[in-house]
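Take a look at the structure set out below.
Numbering (this note's numbering), first residue to last: -3 to 1266.
This is the structure in structure tokens:
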């Protein structure tokens, strides 16, 4: 057989050597089958956008099972005999939508919608597995959403649980009573029902191809071989006698950054003997049993005393990667990652080694050898095969525990992981086994500590402290950025040992305040409430209708840029990135790459016919040119050339093979930080300022400090992408842009074409957050260059590592301040200086936004603020949700906390005493919210908890926001009414990127024209309709677009007045809408109106948007990990056009902010400037189990805004501007612990932002001598 056979959505497919050998299932679905519902972003199996459902016979159980995989990792050639279901196969407009798709749409579980198909596919596998709400929440570690904040998605998921809460059941009943969808299935189930006890979904048997003949595909420059037994493995290796790789799940390439397939790829996933398990004295596990199967095996086997420890194994394995990865990732595959990279923090190695497991290896002659796992790490595995693992039974005198500390709750590599297996004889340790991960490539056991503990009673302070002292000397972590620094990996490792001892302490005499130190923070099932008012007399305005695109997003039918169907002769482009941070590009040599079949061209700056710039000085905040392809390099990783190939994967794979020569390379280290850059006057640019008009004289205390925040990647799920098609004399450009006008101008300028020949279209974006205002233009210009030069369609989609490297971020910000206050904390003067990092250019300098945000709700008469920006050897930074304003508000709120700390007053009282008197609703909102959230009672409960617990601390904090909303720029709308049926289309200059602008404009148009919402269709945005519009940014897009639409409707209604009069004369006093429009058509009335608003509209005025947030957290002092127990948000959105949409914006923004302040961090090579946190496994964002356990959001009642559009207020950016509350709450927890440690808690300490595990452990400063039992 010379092809791979499988089915997709019920249709037979085959893959043969005519495809590129590295074609993934994702690429095949998209570019061969033309099924764009399955998305991709990280290409590492982390984000979950690419998840699809697979049904196949599993050799471990010999049943047909349904599970999910990451289609971005799986080679299409590994799909033999699979039945694959994509989101299109779950439900669609033709066959009807599935109940999952309906519910996630109805429960507001989509915003940008790019990630939604992945969530739908994962839930599709789970829904009939008889799972609880807790199990379902745990099961979505492999899905990421940057928009929604997860809460509405989790609500959807939990409606399929066997124990769904009453309130969720009522939500579903309410929705299904009023929503009408064409359902794909005759299904009466409201919530999940039992379908068996197995974690696997066992379905009917399949008609599979049982042929076990080896399948060989010869690609000319490499081979793919599919084998079915062990002998075939060795036969293939011997036959081709070249470098090879054995793949089962093939998930390991998500771990290795520079992974390349060798000439021979041998797929061993259908070798049944490697998938079995059995018992002799040991539990014998076939080497290629999947991790997910292992979990089930461990649960089943753990009911016997000697294998009871497997309960812990199963629990720990649920923290390894995620369900789709575990479904096909094998034991041997994980161990081979550890073998290849000894420093890899393998959880499996850790667990197996801690119980003395052994590994069995076979060679081509059939000889097998069994050995300890540590020996395996240095064993020559050439032409050898792992066949099995042996897990021994343990007596009941063994006490086993394991722990994994990660930067977030799930789906992350360990900062430190540890396993402890002590055998006791009474209170004495008979034998101690301790295994650590992520210390160094040569360190697994602290052997001296293990030896010391033998025969000791570890439950007394002397032995414990001596063991800790030895451990402190033994643990010497390697310094391997971007890993946490050695000092705090060591501190964490020792803390985990102490936690183990506390957790297994056998006596009742352990002081009660220490007991909670022996456990992890327990996380219950999350929940949330949403409270808002609506006025039915205004409907559909103010109605909480589902998002306009929700159902087509949940079905994968919503079209994004890369969903443009594949075209004949299209090519793919990828950037070649610089390997120096500064220098001149002397030569780009693509000769070697051009010899590779499928590579079409290599282009550099000299091939650009026009201006080599993707900026437009003179446009809003654009002040200088930025090169599309660098001639002079300004940062490490800057694009210097383009590789063009006939498929996407080949283009990306070839970029590192282009040879680039540099001259004039600057010696020394790059400038990467604000503190470095400020030393060079040439790098500094002064900005706007605030000058105080008053100064008090009652100064009793002077407060000084520094507050620094870092960069943030937007983490939009849709990468920067562009498709350019030559059409007639021009180019049709489909760009991931928030600013069509800039894309149009940049492409025209770089190609020396007329702007009128560049036509830009945007249906929607898969997230933006400001990151697609200008940075996308580099991609659009490069893609257009290729399309122009080759005169064929070109497609360009940035890999995540390229996107992270080149696309700009939130601006880092340093604030130095000095404040004079009285005894109550009232400011007498405030002198502050804010300096921001612009990156390598001063484009998009946002100091004016920072300045306007800094006063927040406070009296600025006493404020002196100067601002400035520096350039560094990093990519030019850019807008990010609430650019500048977020940093300004966070800075003043840090100052308020510092003042309160200094004068020992309640921070809320200090805030109130310094607030401005005019135009400020916050004092009333604070009083209301403190009462509604039971703030003071909870505060007392927390004080009691902190007195009674040494190793866990709690805090509750209240924060405020007065966001200054200003209208700017110009936004067009065009409204057309069709005479045949009276329906309406709207197209605007506002780009839909998840914020709900299309939904709101549809509601406004329906309201203004007094027609049903179903009559209104919102079309894509087009540059020729919304010519010269400003970018869709800040939070005023929805309001501005709605304003223009209102004006259009006014024009149309004015034109229809004459028709009403005409019909009146004909005896129709109250014509129907259809009659009115039909008559207007007959009279040839113009039923299309356009309007472009601008910032000078007299009835659009600036205003503040207010919010009050209460946050409660718990901190584990021994691990630096925390949990957000509860958040209460009161936000003033005026008269909401759509409360569902606005709630979603509040929640999503807030979670994005929490993520920024606690886990998101950029790490660079200090010598080269290379970004080290450049992929989905080391740039972390919040996942669904990181959000607050209890999240309550209320939109302020009775709050019409007289200065806004139809009484509304902007909402898109405000959520991130209240999230700084997390650092104040965690700071309080840290001080509570420091007080117990004996530190002077009257001294303010600087704590690094973000509050990562390292930052928190550093601030806690717990001495290991404190690790006692009394």
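Cβ coordinates follow ideal geometry from the N, Cα and C atoms, glycine included. Keep in mind it's a predicted model, so treat the numbers as computed, not measured.
- DSSP links residue 280 through a beta bridge to 274, 386.
- The count of Cβ pairs closer than 8 Å, one atom from the segment 1058 to 1068 and one from the segment 1154 to 1174, stays below three, leaving the stretches out of contact.
- Approximately 6 Å separates the beta-carbon atoms of residue 158 and residue 128; this is inside 8 Å, confirming the contact.
- For residue 702, the enclosing beta strand (DSSP E) has its first and last residue at 697 to 705.
- If you draw a straight line from the Cα of residue 788 to the Cα of residue 567, it is about 7 Å long.
- Residue 286 has 326 as its beta-bridge partners, per DSSP.
- Taking residue 1172 as the centre and dropping the five residues before and after it, the same chain places the C-beta of 38, 40, 42, 43, 796 closer than 7 Å to its C-beta, in chain order.
- Boundaries of the alpha helix (DSSP H) around residue 1005: 993 to 1005.
- Nearest C-alpha to residue 1053 among 1036, 673, 1083, 486: 1083.
- Rounded to whole angstroms, residue 1240 and residue 1124 show a C-alpha spacing of 27 Å.
- Taking the Cα of residue 81 as reference, the smallest distance to any Cα among 92, 31, 108, 665 is reached at 31.
- The three-state secondary structure of residue 1263, taken from DSSP, is coil.
- Remark: C-beta atoms of residue 646 and residue 22 do not approach each other more closely than 7 Å.
- One thing to note: residue 551 has its Cβ within 7 Å of the Cβ of residue 88.
- About 12 Å separates the Cβ atoms of residue 826 and residue 852, ruling out a contact at the 8 Å cut-off.
- With a cutoff of 7 Å on beta-carbon distance, residue 964 and residue 883 are scored as not near each other.
- Counting C-beta atoms within 10 angstroms of its own C-beta, residue 612 has 16 or more neighbours from the protein chains shown and is therefore classed as buried.
- Between residue 386 and residue 278, the gap from beta carbon to beta carbon is short of 7 Å.
- In the three-state scheme derived from DSSP, where H, G and I count as helix and E and B as strand, residue 1220 is classed as helix.
- Between the alpha carbons of residue 495 and residue 1140 lies a gap of roughly 39 Å.
- One alpha carbon belongs to residue 1254, the other to residue 484, and they sit about 7 Å apart.
- Assignment of residue 732 by DSSP, reduced to helix, strand and coil, places it in the coil class.
- DSSP places residue 809 outside any alpha helix (DSSP H); the residue lies instead in the beta strand (DSSP E), whose first and last residues are 809 to 817.
- Sorting 451, 1207, 1176 by C-alpha distance to the C-alpha of residue 408 places 1176 at the top.
- Look at residue 718 here: in three-state DSSP terms it is strand.
- When the five nearest sequence neighbours on each side are left out, the beta carbons in the same chain lying within less than 8 Å of the beta carbon of residue 540 are those of 528, 530, 1134, 1135, 1136, in order along the chain.
- When secondary structure is reduced to three states using DSSP, residue 503 falls in the coil class, being assigned neither helix nor strand.
- Contact check for residue 1104 and residue 918: beta-carbon distance about 7 Å, within the 8 Å limit, so the pair qualifies.
- Spatial neighbours of residue 1015 in its own chain (CB-CB distance under 6 Å, excluding positions within 5 residues in sequence) are listed in chain order as 981, 983.
- With respect to residue 84, residue 33 sits close: the two C-beta atoms are nearer than 7 Å.
- In the DSSP annotation of this structure, the continuous segment of the alpha helix (DSSP H) that includes residue 1043 starts and ends at 1033 to 1061.
- In the DSSP assignment, residue 711 falls outside any alpha helix (DSSP H) and carries neither an H nor an E.
- The beta-carbon separation of residue 843 and residue 880, rounded to 7 Å, stays under the 8 Å limit for a contact.
- The C-beta distance from residue 79 to residue 51 rounds to 4 Å, short enough to meet the 8 Å contact threshold.
- Judged by DSSP in its simplified three-state form, residue 354 adopts strand.
- Every alpha helix (DSSP H) stretch that sits fully inside the segment 930 to 969 and reaches 4 residues is listed by chain position as 931 to 944.
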